[in-house]
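Read the structure below first, then the notes.
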Amino acid sequence: MTKFYLGIHTVEDVTLLKLSGVIDEDNTLAASARKIDGTTVVVDLGGVERINSCGVRDWVNWLNDLEAKGKTVVLARCSPCIVNQMNLVHNFAGRAVVKSFFAPYFCGRCDREQLRLVQVDQFTSASPPVAPQVRGEACQRVPCELTFDDIEESYFAFLPRSGGKTGDERLPALLDSLSPSMKDRIKRLDTVEKSGNEGGPSPTGSYSPQTASREDGPPSLSRSMGTLLPGQTSSTPELAQARRLSRQLLVVAVGLAAVIVAFVIHSMQAQ
């Protein structure tokens, strides 16, 4: 697992931050606040592998501190573990504008899993949100049949909704307020997906919303447990089949637990 890293670069009135590694009690978020000069702060979260409870606390406090100083925060390339926290912790994103995030997809023709970068503005036409169609770049067969590989209602729960539609009306106005060069810089940042390790060793296992490992460096615990990076694929059919079986067993277990709870409640009421 990679240690926490935070890079800061200010251009014009925009501060660009890149976070990667593990956000835990050893993070330097609080110390970085005084180095953030721009009124608009764009945070690239694509390299964040994991965040624990201490990291969540420090993140929320850091975000609140930036907002109290009048900063407008934009979250880009949110990794799956960040999406997971936005769905679990109601104030994890605060008043920040979420621009893009990685979502899990699966190709049944190739038995491959991929994390694909999607833009929030792709969800403006439907509520509840529907996973956008994406193009598979690592699949071996044509046409690729990439389909969203999670529960849409749960994974996209963090997306803002207004007037029966999904989306954040602040985002277009915010981008329009920036200079052309800065808008182009953010566009380049947000459209570059990690290419994975095609041609190198294949990652193993299946996608987990709890963690995501780096593409480079030594093998990490999260990789050995079977997590995917943005842009990586799972190319082993046996592992893909095992993953689907695990999901089916989980659904059965949840259903069985619900039946047991209902039976206990009914028995108590009967008494």
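Using this note's numbering, the first residue of the sequence shown is number 6, and each one after it goes up by one. Positions of the beta carbon are idealized from the N, C-alpha and C atoms, including for glycine.
Worksheet item: For the alpha helix (DSSP H) that contains A136, what are its first and last residues?
Response: As a first step, residue 136 must be located in the sequence shown, where it is residue number 131. Element bounds for A136: n/a, residue is neither H nor E.
Discussion item. What does DSSP give as the partner residue(s) for D25 in the beta ladder?
Written reply: Locating residue 25 in the sequence shown gives position 20, where the first residue counts as 1. Residue identity differs from the one stated: residue 25 is Ser in this sequence, not Asp. DSSP, once it has assigned bridges, lists Y10, G52 as partnering S25.
Discussion item. What does DSSP give as the partner residue(s) for F111 in the beta ladder?
Written reply: Here residue 111 refers to the residue found at position 106 when the sequence shown is read from its first residue. According to DSSP, which records beta bridges pairwise, F111 is partnered with E118, T152.
Worksheet item: DSSP state of F268, grouped into three classes?
Response: Walking along the sequence shown from the start, residue 268 turns up at place 263. Correct three-state label for F268: helix.
Item to complete: Measure from the alpha carbon of T77 to the alpha carbon of each residue in L50, R114, P134, L21, then state which is nearest.
Response: If you number the sequence shown from 1, residue 77 lands on position 72. Selected option, being the one with the closest Cα: L21.
Item to complete: Counting only the same chain and skipping the five closest in sequence on each side, list residues whose C-beta sits under 8 Å from that of V102.
Response: Position 97 of the sequence shown holds residue 102. So the list reads T77, V78, V79, L80, D173, R175, L176, L179, once near-sequence residues are dropped.
Worksheet entry | Residues that S105 bridges to, as DSSP identifies them | One-based indexing of the sequence shown puts residue 105 at position 100. The partner list for S105 (beta bridge, DSSP) reads Q124.
Discussion item. Looking only at its chain, what residues have a beta carbon closer than 7 Å to the beta carbon of M187, apart from the 5 residues adjacent to it on each side?
Written reply: Indexing the sequence shown from 1 puts residue 187 at position 182. Contacts found: V16, E17, V19.
Worksheet entry | Spatial distance of V88 from A275 (CA atoms) | Taking the sequence shown and counting its residues from 1, the one referred to as residue 88 is at position 83. Taking the sequence shown and counting its residues from 1, the one referred to as residue 275 is at position 270. Approximately 42 Å between the Cα atoms of the pair.
Practice prompt. Measuring alpha carbon to alpha carbon, tell me which of E150, T152, C149, A136 ends up nearest E158.
Written response: Locating residue 158 in the sequence shown gives position 153, where the first residue counts as 1. Nearest C-alpha to E158: A136.
Worksheet entry | Opening and closing residue of the alpha helix (DSSP H) in which L35 lies | Here residue 35 refers to the residue found at position 30 of the sequence shown. Residue identity check: residue 35 is Ala in the sequence provided, not Leu. Residues 34–37.
Worksheet item: What residues in its chain sit with their C-beta under 7 Å from that of Q90, if we drop five residues either side in the sequence?
Response: Locating residue 90 in the sequence shown gives position 85, where the first residue counts as 1. Result list for Q90: I56, V61, F97, in chain order.
Discussion item. Is the beta carbon of F111 closer than 8 Å to that of V4?
Written reply: Outside the displayed span of the chain (6 to 276) sits residue 4, for which this structure offers no information.
Discussion item. With H, G and I counted as helix, E and B as strand and the rest as coil, what does DSSP make of L194?
Written reply: The residue you call residue 194 lines up with position 189 of the sequence shown. In the structure shown, L194 sits in a helix (DSSP, three-state: H, G or I).
Practice prompt. Just mark L255 as buried or exposed, buried being the case when its beta carbon has 16 or more other beta carbons within 10 Å.
Written response: Position 250 of the sequence shown holds residue 255. When all chains shown are included, L255 counts as exposed.
Worksheet item: Is T33 buried or exposed, if buried means 16 or more other CB atoms sit within 10 Å of its CB?
Response: As a position in the sequence shown, residue 33 is number 28, starting the count at 1. Result: exposed.
Worksheet item: What did DSSP end up calling A258 once you bin it into helix, strand or coil?
Response: For the purposes of this step, residue 258 is identified with residue 253 of the sequence shown, where counting begins at 1. Residue state, collapsed to three classes: helix.
Worksheet item: Going by other Cβ atoms of all chains shown within 10 Å of its Cβ, with 16 needed for buried, is F9 buried or exposed?
Response: Within the sequence shown, residue 9 is the residue found at index 4, counting from 1. F9 is buried by the Cβ-count criterion.
Worksheet entry | Backbone secondary structure at T15 - three-state DSSP | Here residue 15 is taken as the residue at index 10 of the sequence shown, counted from 1. The answer is strand: DSSP assigns T15 an E or B state.
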